[in-house]
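Offset between the sequence shown (1-based) and my numbering: plus 28.
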Amino acid sequence: MKFEPVRKGGCILLIDPDKQPPAKAGEIAATAEAMGVKAIFVGSSIILEDKFNETVHTIKKACKIPIVLFPGASNQVSKEVDTVLFLSLISGRNPEFLIGEQVKAAPIIYKYGIHTLPTAYLLIEGGKTTSVEFMSNTKPLPREKPDIIVAHALAAEYLGMKLIYLEAGSGAKDSVPDEVIAAVRKHVKLPLIVGGGIRTPEDAIAKIAAGADYLVIGTRAEEDWAAFEKIVKAVNRALKG
Ligand code: 1GP
């Protein structure tokens, strides 16, 4: 099923294909779907093993929610995903991640006819150097400067992007500040995804209250599945209420 973001969507599970065998990824995805996760993102800033396609295939067979490619680079295109986040790392000034990787990926996406979602990807300081910062060779936006972050989000909207992703980086020490989310929400109408370093139901609910439509969670689910489940249930309760 295509991923078509809505306002106040809920939680998304990020699965890194390197972190478990493909069969286990399928089980995880099915359990996540049953607990109320809205989509599965698959991807990583760096892939060391050769099981990306098999992982996507297994997840696809295991659940019905959208399977979305969240690529770290153009070599991560898998034909079985429902949607690819066609990311441009607009917080950075590295042409390779603004347009270079996209040009390499585009003919493959065309060949497979994969649904694309033009996504503005904004990396925001998360209290430590994350893989995405290192691998993309870009500087994150300063977390204490909502005006700069809002200017990037507005530019993305005016460029015709369909989705804004505010990213603190996987395993970030500090998640995206609620004030930044609220400032972007105030200025931009696009659906807003927030991820990186979300570890507690309280933090998750505060982000939804600030204006996030989706929360992407990876590390917490890897560390402690029960804690992840609490976050998902709390967010779904908050969205219903
Ligand atoms: C990373 O936003 C995602 O791209 C998820 O981050 O692994 O910290 O949950 P975590």
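Ideal Cβ positions, reconstructed from N, Cα and C, are used throughout, including at glycine.
Asked                                                                                                                                 : Found
Cβ pair residue 177, residue 211 closer than 8 Å                                                                                      : yes
Stretch pair the segment 55 to 74 + the segment 169 to 186: three plus CB contacts closer than 8 Å                                    : no
Residue 198: CB within 7 Å of a non-hydrogen atom of ligand 1                                                                         : yes
Helix, strand or coil at residue 168 [DSSP, three-state]                                                                              : coil
Span of the beta strand (DSSP E), counted from its first residue to its last, around residue 133                                      : From DSSP, residue 133 is part of no beta strand (DSSP E) but of the alpha helix (DSSP H) over 129 to 140.
Of the residues 105, 54, 34 and 149, the one placed nearest residue 185, counting alpha carbons only                                  : 149
Cβ shell of residue 193 (< 6 Å), same chain only, five flanking positions each side left out                                          : 147, 149 and 221
Contacts around residue 57, its chain only, beta-carbon distance under 6 Å, and the 5 residues preceding and following it disregarded : 68, 87, 90 and 91
The segment 72 to 81 in contact with the segment 92 to 104 per 3-pair CB rule at 8 Å                                                  : yes
Complete runs of the alpha helix (DSSP H) confined to the segment 40 to 77 [at least 4 residues]                                      : 50 to 63
Residues that residue 116 bridges to, as DSSP identifies them                                                                         : 148
Any non-hydrogen atom of ligand 1 closer than 7 Å to residue 267 Cβ                                                                   : no
Residue 34 classed as buried or exposed, judged by whether at least 16 other C-beta atoms fall within 10 angstroms                    : exposed
Residue 247 CB to nearest heavy atom of ligand 1 below 7 Å                                                                            : yes
Buried versus exposed, by CB contacts within 10 Å (16 or more), residue 204                                                           : buried
Segment limits, beta strand (DSSP E) that includes residue 245                                                                        : 242 to 245
Check: residue 226 C-beta below 7 Å from any heavy atom of ligand 1                                                                   : yes
Chain-order list of residues whose beta-carbon lies under 8 Å from that of residue 258 (same chain, five-residue window excluded)     : 229
Best match in 104, 42 and 139 for proximity to residue 94 [C-alpha to C-alpha]                                                        : 42
Status (buried if at least 16 other CB within 10 Å, exposed otherwise) for residue 131                                                : exposed
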